[in-house]
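2 protein chains.
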Amino acid sequence: MSRPLQAKLTTTEHNNSGVSVIQSQTTASVAGLQRVPKLLPSAVGVLKAPPPSSEMKKPSAEKDSDEYRQRRERNNLAVKKSRMRSKQKAMDTQQRVNELKEENERLEAKIKLLSKELSVLKDLFLEHAHNLADNVQPPAGNGGGSSPAHNPNDTSANGQ
Amino acid sequence: MSRPLQAKLTTTEHNNSGVSVIQSQTTASVAGLQRVPKLLPSAVGVLKAPPPSSEMKKPSAEKDSDEYRQRRERNNLAVKKSRMRSKQKAMDTQQRVNELKEENERLEAKIKLLSKELSVLKDLFLEHAHNLADNVQPPAGNGGGSSPAHNPNDTSANGQ
DNA sequence: ACAAATTGCGCAATAC
DNA sequence: GGTATTGCGCAATTTG
């Protein structure tokens, strides 16, 4: 029953319509507290001593304090900034994904092209090789039988 | 007054590990109630018509309402969910970037390899072509002089 | 009209 | 002693 309601117009800026969220806040804050801080092992050790006495460290004053208000405002600013950055970063990352995707396609296309070129050259090579083989073959005692059969072996399986 | 404190364990989900940070809690809640200015920013824009009468749409009741509380809780849940997703998405995107980057490197390496292969083949080709030219050249009146000299021209600059 | 999903915002705890 | 981050709840808005 210390401070019913009146803390609203303390601020010197933004909105502050008449709407009040008094108790809901309570609830909220309670919920907030509920959650345990992640770190500090010390807390763990402390969880056994629920100080029944002295519930609130900063009961009334403190929030009226000019200083408090100032700090809050500063923090709010920082928060805003931080969130903006965060959002920006997310967008940048997304952008990066798009760029990389494009680049990827480009590279893939190039690979395709090179592969094709390569296969053409290889074929040409084989052909020539065969021709050469046929020509080089000394027709020793050639009895009319022609055996141009060049073994149709593998085309050098492109392993990769 | 209406709803002192007790709203914490109403929910049936989330953590609530045994660990408790009692006093900070109190402080927090107090702080929460204390300040009220967090209402609608819309009000800011509405600065032209500050309805003196009927300040708050939901003055007292409404928040006590079981229904209100229920709605809030549901929304809180939804918010949490949404935020989780958002965060997850961000992480996924980042992951995607990494994957794409890797893929990119792979592709780039492959391109390098293929290029090399290609250039080798091309060189070979040229060489053969020259050899052929030399051979094909009818050595008419071969006087024992051997001229295997095939012009050492360019190695087909690899244009890119 | 309604419920879930998003979004902006402030608070407080914490990390740095 | 300060800013930066993070989780959270509220309320307004958007979306289906």
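Protein sequence lines correspond, in order, to chains A and B.
In the numbering used here, each residue carries its 1-based index in the first sequence increased by 710.
In the numbering used here, each residue carries its 1-based index in the second sequence increased by 710.
Backbone N, C-alpha and C define an ideal beta-carbon position, used for all residues, glycine too.
Here's the rule: buried if 16 or more other CB atoms are within 10 angstroms of the residue's CB, otherwise exposed. What is L834 (chain A)?
Per the 10 Å Cβ criterion, exposed.
Would you mind sorting L823 (chain B) into buried or exposed? The rule is 16 or more other CB atoms within 10 Å of its CB.
With fewer than 16 other Cβ atoms within 10 Å, it is exposed.
Can you pull the chain A neighbours of A771 (chain B), defined as C-beta to C-beta under 9 Å?
The premise fails here: A771 (chain B) is roughly 12 Å from chain A at the closest Cβ pair, so nothing lies under 9 Å.
Tell me the rounded alpha-carbon separation between E777 (chain A) and E813 (chain A).
Their Cα atoms are separated by approximately 53 Å.
R806 (chain B) and V807 (chain A) - do their beta-carbons sit closer together than 9 Å?
Yes. Within cutoff.
At a Cβ cut of 8 Å, what residues of the segment 796-816 of chain B count as close to chain A, listed as they run along the chain?
Flagged, chain order: A800, T803, Q804, R806, V807, L810, K811, E813 and N814.
Report yes or no: is there a C-beta of chain A within less than 9 Å of the C-beta of H840 (chain B)?
No, H840 (chain B) does not count as interfacial toward chain A.
How would you list, in chain order, the residues of chain A whose beta-carbon sits under 8 Å from the beta-carbon of L828 (chain B)?
Here the neighbours are L824, E827, L828 and L831.
Given that E818 (chain B) touches chain A, what residues does it touch there, using C-beta distances under 8 Å?
By Cβ distance, chain A contributes L817.
Does the Cβ-Cβ distance between L842 (chain B) and K811 (chain A) come in under 9 Å?
No, the pair does not count as a contact, with Cβ atoms beyond the cut-off.
Rounded to the nearest angstrom, what separates R782 (chain A) and E818 (chain A) at their Cα positions?
If you take the alpha carbons of R782 (chain A) and E818 (chain A), they lie about 53 Å apart.
Give the C-beta separation of H840 (chain A) and H838 (chain B) to the nearest angstrom, bearing in mind that I take them to be a contact with Cβ-Cβ under 8 Å.
Actually they do not touch by this definition, with Cβ atoms about 13 Å apart.
By the three-class DSSP mapping on this structure, what secondary structure does S775 (chain B) have?
Here S775 (chain B) sits in coil by DSSP.
Leaving out five residues on either side along the sequence, give the residues of the same chain with a beta carbon under 6 Å from the beta carbon of V830 (chain B).
Within the same chain, V830 (chain B) has no close Cβ partners at all.
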